[in-house]
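J.: Here it is: the structure, laid out below.
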Amino acid sequence: MRWSHCLAQLCLSASVLLVPFASQAATEEDPWESINRPIFTFNDTIDTYALKPLAQGYQYVTPKFLEDGIHNMFRNIGDVGNLANNVLQAKPAAAGVDTARLIFNTTFGLLGFFDVGTQMGLQRSDEDFGQTLGYWGLGSGPYVMLPLLGPSTLRDAPAKLVDSYTTPYPYIDNVSVRNSIWGLNIVDTRASLLSAEKLVSGDKYVFIRNAFLQNREFKVKDGQVEDDF
Numbered sequence: 050m051r052w053s054h055c056l057a058q059l060c061l062s063a064s065v066l067l068v069p070f071a072s073q074a075a076t077e078e079d080p081w082e083s084i085n086r087p088i089f090t091f092n093d094t095i096d097t098y099a100l101k102p103l104a105q106g107y108q109y110v111t112p113k114f115l116e117d118g119i120h121n122m123f124r125n126i127g128d129v130g131n132l133a134n135n136v137l138q139a140k141p142a143a144a145g146v147d148t149a150r151l152i153f154n155t156t157f158g159l160l161g162f163f164d165v166g167t168q169m170g171l172q173r174s175d176e177d178f179g180q181t182l183g184y185w186g187l188g189s190g191p192y193v194m195l196p197l198l199g200p201s202t203l204r205d206a207p208a209k210l211v212d213s214y215t216t217p218y219p220y221i222d223n224v225s226v227r228n229s230i231w232g233l234n235i236v237d238t239r240a241s242l243l244s245a246e247k248l249v250s251g252d253k254y255v256f257i258r259n260a261f262l263q264n265r266e267f268k269v270k271d272g273q274v275e276d277d278f
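Residue numbers (this note's numbering): 50 to 278.
So this is what it looks like as structure tokens:
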């Protein structure tokens, strides 16, 4: 996998901060915590001194309409992966919506700058190959904190390689163009998560781990999770 895609996944994985979580530790799901924590500290240091300042500067100088448009364009690219995995999960209705979103957003939405699909009532999916494996019954395995990539599981980590082929990066031969798009994607994604940091409380490692694991279960089961209360 290209390092550019690895770093992009690090930022994308931070989106787990946007979902509900259980505050209690889940050590039975994290048998490798003694290894995961130092890697988390490494990732968090990079974010604190590099990614976050870049994201704050980007958000400060970029007009809101332009920031939203760029974010929409990357989400439009992401719909390719959503479509592929909905097909693999045998979800024709969801795949049809993904196809329609790609068509309308790419054309009328000017390459996705405007999310006309959502305005038309075509709700966006959020699928990846790790979810596809889980959908067909493969267990998640232990929690894994990957260098640069961030939170994952033993099932989801290798699935990232498959997901990389639904992104444009492997197909762009011009290195400067590829790296520019990759860098913009990272900064834009990190900027979109700045407001979520206020949700973090207590042990940051535990918070992110529990949020990630609950989020993955929710996605794999398409929201059909049992309430323990």
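Quick reminder that beta carbons are idealized off the backbone N, C-alpha and C, glycines included.
(1) Measure how close the beta-carbons of N85 and P196 come, nearest whole angstrom, since I'm counting them as under 8 angstroms.
(2) Since T302 contacts G190 with CB under 8 angstroms, what's their CB separation in whole angstroms?
(3) Between the segment 166–179 and the segment 129–140, do at least 3 Cβ pairs fall closer than 8 angstroms?
(4) For E82, which of helix, strand or coil comes out of DSSP?
(5) Using a 10 Å radius around the Cβ and a threshold of 16 neighbouring Cβ atoms, would you call L151 buried or exposed?
(6) Below 8 angstroms on the Cβ atoms is my guess for R258 versus D79; work out the distance and round it to an integer in Å.
(7) State the beta-bridge partners of L195 as determined by DSSP.
(8) My understanding is that F178 touches D212, with C-beta atoms under 8 angstroms, so please give their C-beta distance in whole angstroms.
(9) Please report how far the alpha carbon of L100 lies from the alpha carbon of N121, in whole angstroms.
(10) Would you give the residue range spanned by the alpha helix (DSSP H) that A240 belongs to?
(11) I need the boundaries of the alpha helix (DSSP H) containing D117, first residue and last residue.
(12) On a Cα-Cα basis, can you pick out the residue from F162, F157, G166 that is closest to D147?
(13) Could you tell me which of K270, I221, N135, D237 sits nearest to V110, measuring between CA atoms?
T.: According to the structure data:
(1) By 1-based counting over the sequence shown, the position of residue 85 is 36. By 1-based counting over the sequence shown, the position of residue 196 is 147. With a contact defined as Cβ atoms closer than 8 angstroms, N85 and P196 miss out at about 11 angstroms.
(2) Here the chain comprises residues numbered 50 to 278, so residue 302 is not present and cannot be evaluated.
(3) The segment 166–179 makes contact with the segment 129–140; the number of CB pairs closer than 8 angstroms reaches 3 or more.
(4) Your numbering for residue 82 matches position 33 in the sequence shown. Correct three-state label for E82: helix.
(5) Taking the sequence shown and counting its residues from 1, the one referred to as residue 151 is at position 102. By the beta-carbon neighbour count (other beta carbons within 10 angstroms, threshold 16), L151 is buried.
(6) Indexing the sequence shown from 1 puts residue 258 at position 209. Indexing the sequence shown from 1 puts residue 79 at position 30. The distance from the Cβ of R258 to that of D79 is about 6 angstroms, consistent with a contact at the 8 angstroms cut-off.
(7) Position 146 of the sequence shown, counted from the start, is the residue given in the question as residue 195. As computed with DSSP, L195 is found in a beta bridge with G199.
(8) Along the sequence shown, one-based indexing puts residue 178 at 129. Along the sequence shown, one-based indexing puts residue 212 at 163. Yes, they are in contact, since the Cβ atoms of F178 and D212 sit about 5 angstroms apart, within 8 angstroms.
(9) For the purposes of this step, residue 100 is identified with residue 51 of the sequence shown, where counting begins at 1. For the purposes of this step, residue 121 is identified with residue 72 of the sequence shown, where counting begins at 1. If I take the Cα positions, the gap works out to 20 angstroms.
(10) Taking the first residue of the sequence shown as position 1, residue 240 is located at position 191. Per DSSP, A240 belongs to the alpha helix (DSSP H) from 224–241.
(11) Taking the first residue of the sequence shown as position 1, residue 117 is located at position 68. Residues 113–137.
(12) Indexing the sequence shown from 1 puts residue 147 at position 98. Ranking the options by Cα distance to D147, first place goes to G166.
(13) The sequence position of residue 110 within the sequence shown is 61, counting from 1. It is D237.
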